[in-house]
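Quick notes on the structure that follows.
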Amino acid sequence: MADDRLTIAGREFRSRLWVGTGKYKDFVETKKAIEASGADVVTVAVRRVNITDRSKENLLDYIDPKKYTILPNTAGCYTVEDAVRYSRLARAAGISDLVKLEVIGDEKTLFPDTAGLIEAAKILIKEGFIVLPYTNDDPIVAKKLVDIGCPAVMPLAAPIGSGLGIRNPYNLKIILETVKVPVIVDAGVGTASDAALAMEYGADAVLMNTAIAGAKDPIMMAEAMKYAVDAGRLAYRAGRIPRKLYATASSPIEGML
Amino acid sequence: MMRVHVNGEQRTVAAGVTVAGLLTELDIRPERVAVELNLNILDRGEFERRSLQEGDRVEIIGFIGGGAGQGGSWPTIG
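Those sequence lines, one after another, are chains A and B.
Position one of the first sequence corresponds to residue 252 (my numbering), numbered consecutively onward.
Position one of the second sequence corresponds to residue 22 (my numbering), numbered consecutively onward.
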């Protein structure tokens, strides 16, 4: 797969599986799962540093920013103001000018507030951020995000952490046809076949967290996801056969007795 | 001595302490955090120069494990 790199805003990525760092038992498990996944893009949340207990270790002691592309996200932000503030803080921390922009619309579904997302993306793009927006599986919104300057879009497969897989494959296919930038399916993957399917449809990458961190054996699932994304990508590039209602013999008739 | 708010908690610090001084006192490595002073984000270069005033609100922000969508505002991290 070395010849099949993913390029976003002039940056090249080796892996088409991107992973989150939440919900793991500890940092050792986080590190092992990320290694097993083969991911080179790792998303992290932006939060207050614990000033009362300094004995606690830091995530970046385990995930080396020199080895991985750290993708700060605005998880937990419900307003444009918060999403912009968190993005600016993330950039000021000096790790990255990339941001996985989330403006969450509702606590129960964690669906994106797409109107707020577009507004926040406009502000941040003007400030020079590379905005990767977590968006709904809505082709019109995806197109608007690209039109205002997002170098990739990240539509959800299903609600964050739901494990439901791709709920609207037809919309995803329309997004893939509509936008001419990389499409990263973000959130809702449950198991390896979901990831493979996203890649077979032509998604450029898949980002997931809970599907790996919440598995009984996260490290084994991370490895499964690596194979799934690679297999799906190869199948997409190879070009699948068309579906037909009736059988077509794969052995020749000639030479039969 | 003077009182300031750091990450939502009131703290007593030496009068005129710089942001860099505060980070040292808190045992925080400056290269991995961002600092917001009264809602203005400081450039790293300002940490040494900027002195705190009585009643200042300081936010020290870093990165935590997360994928997407977690609720809650400003939970603390290690």
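For every residue, glycine included, the Cβ atom is placed at its ideal position computed from N, Cα and C.
Residues I369, A372, P384, T386 and V404 of the same chain have their beta carbon placed closer than 7 Å to that of L396/A, with the five preceding and five following residues left out of the count. Proximity of chain B to Y275/A at the Cβ level (cut-off 8 Å) is accounted for by G86, in chain order. Sixteen is the threshold: since fewer than 16 other Cβ atoms of the shown chains lie within 10 Å of the Cβ of A35/B, the residue is exposed.
Nearest CB-CB separation between V397/A and chain B: not below the 9 Å threshold. Per the Cβ contact rule, the stretch 57 to 64 of chain B is in contact with the stretch 335 to 343 of chain A (3 or more Cβ pairs under 8 Å). For P384/A, there are no neighbours in chain B by C-beta distance under 8 Å, as the nearest C-beta there is about 12 Å away.
If you ignore the 5 residues before and after A290/A, its C-beta comes within less than 6 Å of the C-beta of S266, L268, W269 and V270, all in its own chain and listed in chain order. Taking a contact to require three or more Cβ pairs closer than 8 Å, the stretch 456 to 475 of chain A and the stretch 280 to 288 of chain A qualify as touching. Just so you know, the alpha carbons of C401/A and I435/A end up roughly 12 Å apart. In this model, A462/A and T442/A are separated by some 6 Å (Cα to Cα). With 16 or more other CB atoms across the displayed protein chains lying within 10 angstroms of its CB, R339/A is buried. Segment contact: the stretch 38 to 45 of chain B against the stretch 490 to 503 of chain A, fewer than three CB-CB distances shorter than 8 Å; contact not assigned.
Residues of the stretch 485 to 499 of chain A that bring their beta carbon within less than 8 Å of a beta carbon in chain B are absent altogether. Apart from sequence neighbours up to five positions away, the residues of its chain that approach V293/A with a beta-carbon distance below 8 Å are W269, V270, G271, T272, I285, I314, Y319, T320, I321 and L322, ordered along the chain. Taking a cut-off of 8 Å for Cβ pairs, the stretch 373 to 382 of chain A and the stretch 410 to 429 of chain A do not touch, as fewer than three such pairs fall below it. Residues of chain A whose Cβ lies closer than 7 Å to the Cβ of G42/B do not exist, since the nearest Cβ in that chain is about 14 Å away.
Collapsing the DSSP output to three states places D398/A in a helix. Counting the other CB atoms within 10 Å of its CB gives G86/B a total of 16 or more, which places it among the buried residues. A contact is defined here as three or more CB-CB pairs under 8 Å, and the stretch 417 to 427 of chain A meets this definition with respect to the stretch 452 to 460 of chain A. Interface criterion not met: the Cβ of I426/A is under 9 Å from no Cβ in chain B. DSSP places P316/A in the coil class of the three-state scheme, outside both helix and strand.
Distance check between Y275/A and each of G261/A, V295/A and C328/A places V295/A closest, using alpha-carbon atoms only.
Annotation: the continuous beta strand (DSSP E) that includes I259/A extends over L257 to I259.
A straight-line Cα-Cα distance of about 43 Å links L407/A and R71/B. With its beta carbon less than 9 Å from one in chain A, N28/B belongs to the interface. Under the 10 Å beta carbon count, N460/A is surrounded by 16 or more other beta carbons and is classified as buried.
Apart from the 5 residues on each side of it in sequence, G37/B sits with its Cβ closer than 6 Å to the Cβ of S72 in its chain, given in chain order. Nearest to K477/A by C-alpha distance, out of T303/A, V331/A, Y329/A and D445/A, is D445/A.
In chain order, A447 and M450 place their CB closer than 8 Å to the CB of A482/A, counting only its own chain and leaving out the 5 sequence neighbours on each side. For E30/B, the uninterrupted beta strand (DSSP E) segment begins and ends at E30 to V34. In terms of Cβ geometry, G367/A and T330/A form a close pair [threshold 9 Å]. In the three-state reduction of the DSSP assignment, R267/A falls in the coil class, being assigned neither a helical nor a strand state. Annotated three-state conformation of F362/A is coil, per DSSP.
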